[in-house]
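In this note's numbering, the protein residues as written are 913 to 1044.
Just so it is clear, CB atoms sit at the ideal spot from N, CA and C, and this is done for glycine as well.
Being a predicted model, the structure only gives us computed values, none of them experimental.
Comments concern the structure below.
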């Protein structure tokens, strides 16, 4: 059993209803390692390169990252990334943050997250890395 999908998704009602995200988000990376750390329970790669991230790795947006140039909705998402971080949950596009499908989302607004770079994040201390 791997990571549950729904709890890590950004939901429209969190951003525009309750105006707070109280959980880590999920993201994908193109290349991952044949390893995982809690809360993940499996890996999705055959690559044993130790420089690649394991499933379950949590990263957090650096506290020093300036969110003031983003829309209020994006600032809310970015504050959640600072407080709760995001967990590597699957292989896919690099740094792709997942959300629930909802026609009310403004895709142009959401795409401003592409301004973030890997160097804007820090890895949160990981537990034991499982490779079997």
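For the beta strand (DSSP E) that residue 917 lies in, which residues bound it at each end?
That residue, residue 917, is in no beta strand (DSSP E); it is neither H nor E in DSSP.
Any idea which residues DSSP pairs residue 939 with across the strands?
1000, 1009.
Using a 10 Å radius around the Cβ and a threshold of 16 neighbouring Cβ atoms, would you call residue 997 buried or exposed?
Classification of residue 997: buried, given that the 10 Å Cβ count is 16 or more.
Below 8 Å on the Cβ atoms is my contact criterion, and I expect residue 965 with residue 941 to pass it. Report the Cβ-Cβ distance as a whole number of Å.
So it is a contact: roughly 6 Å between Cβ atoms.
Which residues does DSSP pair with residue 1035 in a beta bridge?
Residue 1035 pairs with 971.
Counting along the chain, where does the alpha helix (DSSP H) carrying residue 984 start and finish?
Here the alpha helix (DSSP H) through residue 984 covers 984-995.
Terminal residues of the continuous alpha helix (DSSP H) containing residue 1020?
Unbroken alpha helix (DSSP H) run through residue 1020: 1019-1022.
If you draw a straight line from the alpha carbon of residue 1039 to that of residue 988, how long is it in whole angstroms?
Residue 1039 and residue 988: Cα-Cα distance of roughly 28 Å.
So, for residue 961: in the same chain, excluding its five sequence neighbours on each side, which residues have a beta-carbon less than 7 Å away from its beta-carbon?
If we look at residue 961 and ignore the five residues flanking it on each side, its Cβ neighbours are 945.
Counting only the same chain and skipping the five closest in sequence on each side, list residues whose C-beta sits under 8 Å from that of residue 927.
Taken in chain order, the residues that qualify are 933, 985, 988, 989.
Which of helix, strand or coil does DSSP assign to residue 1042?
Three-state result, residue 1042: strand.
To the nearest angstrom, report how far apart residue 967 and residue 1035 are at their CA atoms.
Straight-line Cα distance between these residues: approximately 13 Å.
In the DSSP assignment, what are the bridge partners of residue 948?
DSSP output for residue 948 lists 967, 1042 as bridge partner(s).
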